[in-house]
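Step one of this worksheet: look at the structure below.
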Amino acid sequence: MAGVGIRAVILRRANLRYEFPSDFVRRIEGQTVRGVARRAKYLLVELGSGDALLMHLGMSGSFRVVQRNSREKGLHKDRYGLHDHVIFELSTGTVVVFNDPRRFGFMSLLAPGEVGAHATLGRLGPEPLTPRFDSAAFASALHRRKTSLKNALLDQRVVAGLGNIYVVEALHRARLSPLRRASTLATRAGEPRAALDLLVQAIRDVLKEAIRNQNRTGGDDRFRVYDREGQRCPRRGCGGTIKRIVQGGRSTFYCPVCQR
DNA sequence: ACACGGACCTGAAGGC
DNA sequence: TGCCTTCAGGTCCGTG
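The opening residue of the first sequence carries number -1 in my numbering; numbering runs sequentially from there.
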């Protein structure tokens, strides 16, 4: 992406989750992409001007990449569907379309310096696939938390980038109950580091596997417990039955037999 | 500082 | 065939 130009931007509505900045189009059109980065679930595109385009997919957002001389030609507005909200036409002829039915996603532009000052970005916890995320850092993030382990892992300030599915999957792999109070992981005697280390590893494994499988469509075997209420626990020799409960308003799936 | 519930939106799926 | 309810992979804000 580095070096690619952005020839045109079309907004097909005035807002997603938030209003677009009034100068959104003007500040992007004609710019060159300096680089693309991800932080937690946020995507950052650095522009030649020094501005950063900050984007989030929310729950239902997606990008699709269209070659100009494929069936979907040109930038004529009528070519796009109801929920195709933002269109980027690149200098390479590629068109990138942002689609988001629920509009929980957003885009904004940050001037140089505003990225570092951004309140939410600044409070994000460590990226789980970097060395900064280890059991010591994890322990200090959890040890005062009175909330459940499940809710703590969903908190982006504890560890960045985990969503409902991957939290549920990681807890199953680490054999930890989603209901357990978060602080007990860091302090429980006779269980020194083992549980924490296991959870750190489980989180990394779940994410790496998800990244590896990103292009696999469908597939009933993507998740071991998520959305499997009433099914047999997949852990060898466990024999438990997957249960669904609600925590913080979201579904949790877990095995009450092997997750403690 | 933390914890919790509700709000923001639309579409898909299931029950009657 | 509807019509109604529930649920969905996220985040922010207000209230205790």
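Even glycine gets a Cβ: it sits at the ideal position worked out from N, Cα and C.
- Annotated three-state conformation of Asn162 is helix, per DSSP.
- His83 sits buried, since 16 or more C-beta atoms from the chains shown fall within 10 Å of its C-beta.
- Taken atom to atom, the span from the alpha-carbon of Leu183 to that of Asp225 is near 26 Å.
- Ranked by how close their Cα comes to the Cα of Pro99, the residues Val63, Ala109 and Gly79 have Gly79 in first place.
- Of the other Cβ atoms in all chains shown, fewer than 16 fall within 10 Å of the Cβ of Ser138; this residue is therefore exposed.
- Around the beta carbon of Tyr252, 16 or more other beta carbons lie within 10 angstroms, which makes this residue buried.
- Taking 8 Å as the cut-off, the Cβ atoms of Leu45 and Arg32 count as close.
- If you look at Ile4, you'll find it in the beta strand (DSSP E) that goes Ile4 to Leu9.
- Taken atom to atom, the span from the alpha-carbon of Gly111 to that of Glu17 is near 21 Å.
- Assignment of beta-bridge partners to Leu107 by DSSP yields Leu51.
- The alpha carbon of Tyr164 has as its nearest neighbour, out of Val113, Gly114, Arg248 and Asn97, the alpha carbon of Arg248.
- Here Phe136 is not bridged, per DSSP, to any residue.
- Arg143 and Ala193 do not touch by the CB rule: their CB atoms are close to 15 Å apart, not below 8 Å.
- The three-state secondary structure of Gln199, taken from DSSP, is helix.
- Approximately 6 Å separates the beta-carbon atoms of Leu174 and Leu147; this is inside 8 Å, confirming the contact.
- Met57 and Phe104 have their C-alpha atoms spaced approximately 11 Å apart.
- The three-state reading of DSSP puts Thr182 in helix, counting H, G and I together.
- For Thr92, the enclosing beta strand (DSSP E) begins and ends at Thr92 to Asn97.
- Across the structure, Thr90 and Val23 are spaced so that their CA atoms are roughly 19 Å apart.
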